[in-house]
Ligand code: IDP
Ligand code: MG
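In the working numbering, the protein residues as written are 3 to 141.
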C-alpha cells in the first residue's frame, strides 16, 4: 500500500548540519520526498504539534527543544511509508535503536533523537496537513 508520512529533522540535527546526511538515508531507503521546507516553530506551534504528549513529564522539555532551532519538515511517500520510515528512524531511545538507523547513527539522547515520523495513517494525515497546504504537495 502506498502511504504518505510526515518527517521532521529535529533541531539537534539541523544544529549539527545533518540535514543532507539524514535525507540521504531516507532516500536510500526508497522513500520519495514529495514536499519539504525548513521552518522554525514557535513555542505555541511546537506545543500544538505534540499536544498528544501534553500529559507526559517530558512535554515542556520536548516542546522547548523543538522550538529551539530550525527543523526540516517533509512528506515522504512509498510502499508502507509509515512503518518503513519508522524502521529507518529506529527506536525512540537511541540506545535501543538498531545499527544503521538514523537514531542509532545520529541521536544524542532519548529527547534529542534527530527525527520524527508519524505513527499511523490517522496521525500522518493530521500531521501532514498541520505543516503543508495542498498547494505545497508536489506528488
Ligand atoms: P517517537 O518520536 O519515537 O514516536 P514518542 O513516544 O511519540 O516517540 O515521543 C515523542 C518524542 O518525545 C520523542 O521522539 C522524543 O523526542 C521525546 N521523548 C519521548 N520519550 C521521552 C522521554 O522519556 N524523555 C525525554 N523525551 C522523550
Ligand atoms: Mg510518536
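Glycine included, every Cβ here is placed at the ideal spot set by N, Cα and C. This one's a predicted model, so the numbers in the text were calculated from it and none came from an experiment.
Short of 7 angstroms in beta carbon distance, which residues of its chain neighbour residue i, apart from the five on each side in sequence? Order them along the chain.
| i | result |
| --- | --- |
| residue 48 | 65, 68, 69 |
| residue 91 | 103, 104, 105, 117, 119 |
| residue 129 | 8, 120 |
| residue 39 | 75 |
| residue 132 | 51 |
| residue 100 | 92, 106 |
Where do the N-terminal and C-terminal ends of the alpha helix (DSSP H) with residue i fall, by residue?
| i | result |
| --- | --- |
| residue 128 | 123-133 |
| residue 23 | 21-30 |
| residue 90 | 83-91 |
| residue 66 | 61-68 |
Determine the DSSP secondary structure at residue i, reduced to helix, strand or coil.
| i | result |
| --- | --- |
| residue 110 | coil |
| residue 9 | strand |
| residue 96 | helix |
| residue 14 | helix |
| residue 46 | helix |
| residue 140 | coil |
Provide the residue(s) that pair with residue i in DSSP beta bridges, ordered along the chain.
| i | result |
| --- | --- |
| residue 78 | 7, 35 |
| residue 73 | 41 |
Could you tell me the boundaries of the beta strand (DSSP E) in which residue i lies?
| i | result |
| --- | --- |
| residue 117 | 117-119 |
Apart from the five residues just before and just after residue i, which ones in its own chain have a Cβ nearer than 6 angstroms to its Cβ?
| i | result |
| --- | --- |
| residue 2 | It is not possible to answer for residue 2, since the shown part of the chain is limited to 3 through 141. |
| residue 29 | none |
Only counting the same chain, and skipping five residues up and downstream in sequence, which positions put a Cβ closer than 8 angstroms to that of residue i?
| i | result |
| --- | --- |
| residue 72 | 13, 16, 40, 41, 42 |
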